[in-house]
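Data block below; observations after.
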Amino acid sequence: MSTLTSSQSITLLVLLFPAAGALLLAGRGWRLPRRFTVIVGPVAVWASFICAVNLLLNKVNADFTYGTWISSGTFSVPFNLFVDNLSIFMCLVITGVGGLIVTYSVGYMSHEDGPSYARFFTYMDVFIFSMLLLVLAGNFVFLIVGWALVGLSSYLLIGFWYTRRSAVLAARKAFVMNVIGDVGMILGTFVIFVSYHVVTYRGVFDQVLPCGYPTTGIHRPCLIINDTGALELAAFLLLVGAIAKSAQLPLHTWLPDAMEGPTPVSALIHAATMVTAGVYLVARMHPIYDVATYAHGAVAIVGAVTALLAATIAIVQTDIKRVLAYSTMSQIGYMFLAVGIGAYSAGLFHLLSHAFFKALLFMAAGNVIHAMHDEQDMRKYGGLWRQMRPTSISFLVGSLSLVGVIPFVGFFSKEQILGAAFSKPGDSATLILWAVGFATALITGFYTGRMWWLAFWGKPSPQRPVEHPHEAPPVMLVPVAILAVLATVGGFIQTRALGIGPSAVSDFLASSVGAQGWEETGAAVALGLVTMAVAALLFVAAMRMRPWSARVPWAQRLLEHKYYFDELYDAVFVRPMDGIAGFGQRDIERPLIDGAVIETGAMATAGASGLSLTQSGYFRNYVLVFVGGAVVAAIVILVRASS
Amino acid sequence: MGALSIGGSQLDASWFLLLAAVLFIMGAAGVLIRRNPLVILICIELMLNAVNLTLITFSRQLENMEGQLFALMSMTVAAAEAVVGLAILVDIFHVRDVEDVDELSEMKG
Numbered sequence: 001m002s003t004l005t006s007s008q009s010i011t012l013l014v015l016l017f018p019a020a021g022a023l024l025l026a027g028r029g030w031r032l033p034r035r036f037t038v039i040v041g042p043v044a045v046w047a048s049f050i051c052a053v054n055l056l057l058n059k060v061n062a063d064f065t066y067g068t069w070i071s072s073g074t075f076s077v078p079f080n081l082f083v084d085n086l087s088i089f090m091c092l093v094i095t096g097v098g099g100l101i102v103t104y105s106v107g108y109m110s111h112e113d114g115p116s117y118a119r120f121f122t123y124m125d126v127f128i129f130s131m132l133l134l135v136l137a138g139n140f141v142f143l144i145v146g147w148a149l150v151g152l153s154s155y156l157l158i159g160f161w162y163t164r165r166s167a168v169l170a171a172r173k174a175f176v177m178n179v180i181g182d183v184g185m186i187l188g189t190f191v192i193f194v195s196y197h198v199v200t201y202r203g204v205f206d207q208v209l210p211c212g213y214p215t216t217g218i219h220r221p222c223l224i225i226n227d228t229g230a231l232e233l234a235a236f237l238l239l240v241g242a243i244a245k246s247a248q249l250p251l252h253t254w255l256p257d258a259m260e261g262p263t264p265v266s267a268l269i270h271a272a273t274m275v276t277a278g279v280y281l282v283a284r285m286h287p288i289y290d291v292a293t294y295a296h297g298a299v300a301i302v303g304a305v306t307a308l309l310a311a312t313i314a315i316v317q318t319d320i321k322r323v324l325a326y327s328t329m330s331q332i333g334y335m336f337l338a339v340g341i342g343a344y345s346a347g348l349f350h351l352l353s354h355a356f357f358k359a360l361l362f363m364a365a366g367n368v369i370h371a372m373h374d375e376q377d378m379r380k381y382g383g384l385w386r387q388m389r390p391t392s393i394s395f396l397v398g399s400l401s402l403v404g405v406i407p408f409v410g411f412f413s414k415e416q417i418l419g420a421a422f423s424k425p426g427d428s429a430t431l432i433l434w435a436v437g438f439a440t441a442l443i444t445g446f447y448t449g450r451m452w453w454l455a456f457w458g459k460p461s462p463q464r465p466v467e468h469p470h471e472a473p474p475v476m477l478v479p480v481a482i483l484a485v486l487a488t489v490g491g492f493i494q495t496r497a498l499g500i501g502p503s504a505v506s507d508f509l510a511s512s513v514g515a516q517g518w519e520e521t522g523a524a525v526a527l528g529l530v531t532m533a534v535a536a537l538l539f540v541a542a543m544r545m546r547p548w549s550a551r552v553p554w555a556q557r558l559l560e561h562k563y564y565f566d567e568l569y570d571a572v573f574v575r576p577m578d579g580i581a582g583f584g585q586r587d588i589e590r591p592l593i594d595g596a597v598i599e600t601g602a603m604a605t606a607g608a609s610g611l612s613l614t615q616s617g618y619f620r621n622y623v624l625v626f627v628g629g630a631v632v633a634a635i636v637i638l639v640r641a642s643s
Numbered sequence: 001m002g003a004l005s006i007g008g009s010q011l012d013a014s015w016f017l018l019l020a021a022v023l024f025i026m027g028a029a030g031v032l033i034r035r036n037p038l039v040i041l042i043c044i045e046l047m048l049n050a051v052n053l054t055l056i057t058f059s060r061q062l063e064n065m066e067g068q069l070f071a072l073m074s075m076t077v078a079a080a081e082a083v084v085g086l087a088i089l090v091d092i093f094h095v096r097d098v099e100d101v102d103e104l105s106e107m108k109g
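Residue numbers (the numbering used here), protein chains in the order written: chain A, 1 to 643; chain B, 1 to 109.
Structure (structure tokens):
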């Protein structure tokens, strides 16, 4: 490897810091003092963050090739990292929000014993490394490696409390669902390799778009390729991966169960970063999706349907983390909707704002759960506003941002998506998507309000496990406060929703994903303002209002069973598989495979015990046989000699 | 059978073979019947010597020295065998006093 330029080294360092942190803590790292873990875990992430900021300040935009990973005939995989504004953007979100959450974990996980404590931070650093690999990968092979590694670290962290059966089951479910996505990714990559004979992004995109990869900042219209069949197939297969990772319908059932993991894990992996990988994927593959119009439409439809269904399920959930999980699914549905209609920067801006406010909500909820001795049922809270003021305010900021109230960051990002959907020209179908997004926004207002009033307002519930909860320690409160500030003022970096002010995120990402091809109309802005206002009203009204579903028992049941997805998968996949496996074990494994081995052993034993009867142990018997044998042999020889 | 000259006198070879046969049968019978391990070892030596006598007899009669060479080798092997046998016996006697080899039937199947 030749000497690296400073940008190349820094890009590599972004990856290496978390990897080094994980290696230091893994193995026997936990034998070192606990202070070591406290320092190494978060510092590895913050160091990576500093490197990412350095990349941002130096305006790095390159495809760094460090060497050849695999070379076999015409197949060649370089080890290259793709640094453009999109990957820098993702790195900043991952390491910035990740750093805050890992710092927060220092306090949240403090009740764990030494080995578990170190294990937690090992996994967290492994996750950060995997996620950075995913977004920095410059070819499909490394993308898959990162993609699978985040699935693995998610599995490890969901099952972190491995003595709890429910946690282990949830981890397994998440892993299986994610592997379905991984298979889709791998097949998609096969299709791409077979069609284009390269696996690097640049090599593929240059062939997909005759106009070249838009590094100039101008999104030029590209020639239409006649043969889009292979691209459609690849795009659909990649979408399977995106859907599984981002918990979209119909591969979403793992995310609510994943809440079995520690709350910082839910905040980092299952809200802020990993589950948004699908959005990143579609944005990264936008040259493919721009051509593969059917797959692109499917992205938007999946997103819209998930947004609506998840929001309705959230209405009836009673576990505070599950409400947040369904709202995460719903918000990622928005992002899918945005990238699905080609409003990439709007989707990615929502990714950023969602990372802020959802991490904030999860961490504030973590403070509450911590104070309530791991009770997660909101009905058993109540009255926390008076007793946990800083956490309550933070949670309120997060909730209002989730609902989309001006001036919180959620307003600007969500409005941009809805506006983009409403005003996309020449495509009336996006109006339906807008309508779904509109309905979802209103439901979001309601369920968020229900959650907030139920948990923090009113009188303390008589079933509350702790009479006088104590506020969280500073190490847990400061990251929450930082995110609360970001969720409050973060929206002002992009106030395009109001038609004035900066649009920093879109401008920054334009060089990677292209500028949005159309402008929002004034009507869209007005409708957005109305939507958010109604949502805010519903938020307030949720204090007294009961959901309509409560008046319709079958609807209530339907929502409480989450549209029977789990039951359906159980009946269609799990139970038939159990049946086949049981049949195999009972009727094939035991009698045939085990039987053959056991019978062989039994026959040998029986034969040996039969033969052992000849071993009397008496010396004279052996001699008698010996002499007798000699006599017989002598007689035989004599008879043969004489004849 | 031809006569062999021993110390000036002539003796028929069949006498030597007869003596060897008697010695061999005595040895074999001793191994089969006696229980004392030392006696059994002695009887084995007896059988070996009977065979040696046969070898030498035929060697003289056929005027072929191979038989005598073989007898010498057989004596060497017999000495080594006696050493091994006695060593085993000594080891057994360290553990317990054995008067009857039938007591050593732990390997009964």
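For every residue, glycine included, the Cβ atom is placed at its ideal position computed from N, Cα and C.
Remember, predicted model here, so these are calculated numbers, not experimental data.
By the C-beta density criterion, Arg586/A is exposed, having fewer than 16 other C-beta atoms within 10 angstroms. Ala28, Val31 and Leu32: these are the residues of the segment 23 to 52 of chain B whose beta carbon lies less than 7 Å from some beta carbon of chain A, given in chain order.
Listed in chain order, the non-local C-beta contacts of Pro18/A below 7 Å within the same chain comprise Ala44, Val45, Ser48, Asp125, Ile128, Phe129 and Leu132, local neighbours out to five positions each way being set aside. Counted as a single uninterrupted DSSP element, the stretch harbouring Leu12/A is not any beta strand (DSSP E) but the alpha helix (DSSP H) occupying residues Ser6 to Leu25.
Using a Cβ-Cβ distance cut-off of 8 Å, the segment 30 to 40 of chain B and the segment 65 to 83 of chain B are not in contact, since fewer than three pairs of beta carbons, one from each stretch, lie closer than that value. Under DSSP, Leu4/B shares a beta bridge with Leu11/B. Exposed is the label assigned to Arg386/A, since fewer than 16 other Cβ atoms lie within 10 Å of its Cβ.
At least one CB of chain A lies nearer than 9 Å to the CB of Ser105/B. Within the segment 79 to 103 of chain B, those residues whose Cβ lies closer than 8 Å to any Cβ of chain A are, in chain order, Val101 and Asp102. Of the residues Gly595/A, Gly490/A and Val513/A, the one whose Cα lies closest to the Cα of Pro502/A is Gly490/A. Leaving aside the five residues that flank Phe193/A on each side, the residues in its chain whose CB is nearer than 6 Å to its CB run, in chain order, Val199. No Cβ of chain B is located within less than 9 Å of the beta carbon of Phe160/A. Burial state of His561/A is exposed, judged by a 10 Å Cβ sphere holding fewer than 16 other Cβ atoms.
For Ile70/A, the three-state secondary structure derived from DSSP is strand. Proximity of the segment 361 to 373 of chain A to the segment 468 to 479 of chain A meets the contact definition, three or more beta-carbon pairs being nearer than 8 Å. DSSP links Ala62/A through a beta bridge to Val83/A.
Partner residues in the beta bridge of Thr200/A, as assigned by DSSP, are Asn139/A. Distance check between Leu4/B and each of Met26/B, Arg35/B, Ser59/B and Leu48/B places Ser59/B closest, using alpha-carbon atoms only. At the C-beta level, Ser413/A and Met451/A stay beyond 9 Å of one another.
Per DSSP, reduced to three states, the secondary structure at Pro576/A is helical. For Val513/A, the closest alpha carbon among the candidates Val339/A, Val141/A, Ala277/A and Gln317/A is that of Val339/A.
Within its own chain, the residues whose Cβ lies closer than 7 Å to the Cβ of His470/A, once the five positions on either side in sequence are excluded, are Ala371, listed in chain order. Between Tyr117/A and Leu157/A, the C-beta gap is not smaller than 9 Å, which leaves the two residues out of contact. Beta-bridge partners assigned by DSSP to Gln494/A: Ser503/A.
With a cutoff of 9 Å on beta-carbon distance, Leu32/A and Tyr280/A are scored as not near each other. For Ser166/A, there are no C-beta contacts with chain B under 9 Å, since the nearest C-beta of that chain is about 56 Å from it. Within the segment 611 to 633 of chain A, contact with chain B at the beta-carbon level (separation under 8 Å) is assigned to Leu611, Ser612, Leu613, Thr614, Gln615, Ser616, Gly617, Tyr618, Phe619, Arg620, Val623, Leu624 and Val627. Annotation: the continuous alpha helix (DSSP H) that includes Trp385/A extends over Leu384 to Gln387.
Counting the other CB atoms within 10 Å of its CB gives Phe492/A a total below 16, which places it among the exposed residues. In the same chain as Asn61/A, and ignoring 5 residues on each side of it, the C-beta atoms closer than 8 Å to its own belong to Val83, Asp84, Asn85, Thr215 and Ser511, in chain order. Residues of the same chain with a CB within less than 6 Å of the CB of Ala267/A, apart from the 5 flanking positions on each side, are Ile101, Ala359, Phe362 and Met363 in chain order.
The count of Cβ pairs closer than 8 Å, one atom from the segment 55 to 72 of chain A and one from the segment 1 to 16 of chain A, reaches three, so the stretches are in contact. The Cβ-Cβ distance between Ala314/A and Tyr381/A does not fall below 9 Å.
Annotation: Leu25/A to Ser105/A spans about 15 Å, alpha carbon to alpha carbon.
Excluding five sequence positions before and after Gly98/A, the CB atoms of its chain that fall closer than 7 Å to its own CB belong to Val45, Ile128, Leu268 and Thr273, given in chain order. Counted as a single uninterrupted DSSP element, the alpha helix (DSSP H) harbouring Asp91/B occupies residues Glu66 to Val95.
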